[in-house]
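Trainee: Taken in order, the sequence shown gives residues 1 to 284; the numbers are from full-length UniProt numbering. For each residue, glycine too, the CB sits at the ideal point set by N, CA and C. What you are looking at is a predicted structure, and each value in this text was computed from that prediction instead of being measured.
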Amino acid sequence: MRYLIILALVVPVFATPEIISPANPSVISFTGVPKNPSPTVIETLFYDDGSIYSAWAWYYGGNAWGYYFSSGVANTKILAVGYRIYDTWPQPGANNFTYRVTDWDGSAPSTTLDEGSITKTTGDWTWYDLPSPITDSDGDFCIFWVQEGDYPNCCGLCEDAAQEDPTPDWHFFNGSYGHGFPRNDFLIRVVVDKPGVGETPSSRLWSVEFPTLTKGIIDLSFNLPKPTEVVFSTYDLTGKLVTRTKARVENSYSVDLSHLPNGIYFLRVESGNEVKTGKIILVH
1 MRYLIILALV VPVFATPEII SPANPSVISF TGVPKNPSPT VIETLFYDDG
51 SIYSAWAWYY GGNAWGYYFS SGVANTKILA VGYRIYDTWP QPGANNFTYR
101 VTDWDGSAPS TTLDEGSITK TTGDWTWYDL PSPITDSDGD FCIFWVQEGD
151 YPNCCGLCED AAQEDPTPDW HFFNGSYGHG FPRNDFLIRV VVDKPGVGET
201 PSSRLWSVEF PTLTKGIIDL SFNLPKPTEV VFSTYDLTGK LVTRTKARVE
251 NSYSVDLSHL PNGIYFLRVE SGNEVKTGKI ILVH
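1. When the Cα of His179 is compared with those of Arg189, Pro168, Asp185, Ile52, which residue comes out closest?
2. Between the beta-carbon of Tyr83 and the beta-carbon of Leu130, is there less than 8 Å?
3. Relative to the C-alpha of Asp165, which residue among Asp49, Leu257, Ile78 is closest?
4. In whole angstroms, give me the CA-to-CA distance for Pro152 and Asn96.
5. Please check the pair Ile134 and Leu113, which I expect to be a contact at CB under 8 Å, by giving their CB distance rounded to whole angstroms.
6. Please classify Glu250: does DSSP put it in a helix, a strand, or coil?
7. Report the rounded CA-to-CA distance for Val117 versus Leu45, giving the unit in angstroms.
8. Out of Gly175, Asn184, His259, Asp219, point me to the one whose CA is closest to Val249's CA.
9. Could you work out which residue in Ser233, Ala23, Glu18 is closest to Thr245 when comparing CA atoms only?
10. Go to Asp150, then tell me how far its beta strand (DSSP E) extends in each direction, as first and last residue.
11. With DSSP run on the structure shown, which of helix, strand or coil describes Glu159?
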């Protein structure tokens, strides 16, 4: 009983000792953006900051943690999932865990679309291409990491150094989905293909070049025959629209993102039926 009480003290969200974390978490180490198995790197969705602080595991297998994702585009194809497994805990640990893809019913995870066991990669991200791409009609879905085996004969899922926004956080316990994580953001990512977002070259906009790194002001050059209305839309990694402006453009235009926090964004430029999208890394 004394042992269980000690464990309960490290669980800030769950009322009973159903989960566990290392007693001495690792020093925070920045790992950066992981290598992606797909050439559509701009379509990687995630919430973590790339660091590894600690990890969590359930006492019993079959329980899970996951995220709600929104691509912002209908008929999005889900191509691959990525997880970062903790390297030195638990002991003896395990080699396998389960991925799960679910639909989103508007307020919570719903129907399971795909699920299967995969083998972890030690010392790096575990990336797994789905056996068949899943087309999600509204672009809203969930990705879960499901524990195989009981503690300590299981994997531990890495968390980063801070929790920025708990809104997309979900868990699965004793057969039911619930909202919330024990502490920080888990390192769970997903690769998607968003149709119609900057995939088709155009005669007027295809020459637009996007900077990869910016402090906030993005200077774009155009080669339009006359002043033309152009729409500039900025999306965050979840597909949420964060800025949108319209302007009449002929030769150049500057997009100001300096009011947004550091992070990865997608800048979409539209004129008529012509569209081009670029990945922007904002660092103040």
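Mentor: On the basis of the supplied data:
1. Reading the sequence shown from its first residue, position 179 is the one you call residue 179. Taking only the C-alpha atoms, the option nearest His179 is Pro168.
2. Position 83 of the sequence shown, counted from the first residue, corresponds to residue 83. Position 130 of the sequence shown, counted from the first residue, corresponds to residue 130. No, these two residues do not count as a Cβ contact at 8 Å.
3. If you number the sequence shown from 1, residue 165 lands on position 165. The candidate whose alpha carbon is nearest that of Asp165 is Asp49.
4. The sequence position of residue 152 within the sequence shown is 152, counting from 1. The sequence position of residue 96 within the sequence shown is 96, counting from 1. Distance between the alpha carbons of Pro152 and Asn96: 13 Å.
5. Along the sequence shown, read from residue 1 onward, the residue named residue 134 stands at position 134. Along the sequence shown, read from residue 1 onward, the residue named residue 113 stands at position 113. Rounded, the Cβ-Cβ distance is 5 Å, consistent with contact.
6. To locate residue 250, count along the sequence shown from 1; it is residue 250. Coil, per DSSP.
7. Here residue 117 refers to the residue found at position 117 when the sequence shown is read from its first residue. Here residue 45 refers to the residue found at position 45 when the sequence shown is read from its first residue. The question names Val, but residue 117 in the sequence shown is Ser. Ser117 and Leu45: Cα-Cα distance of roughly 22 Å.
8. The residue you call residue 249 lines up with position 249 of the sequence shown. The option with the nearest alpha carbon to Val249 is Asp219.
9. Position 245 of the sequence shown, counting from 1, holds the residue named residue 245. Residue Ser233 is the option with its Cα nearest to Thr245.
10. As a working note, residue 150 is residue 150 in the sequence shown. Element bounds for Asp150: n/a, residue is neither H nor E.
11. Translated into the one-based positions of the sequence shown, residue 159 becomes position 159. The answer is strand: DSSP assigns Glu159 an E or B state.
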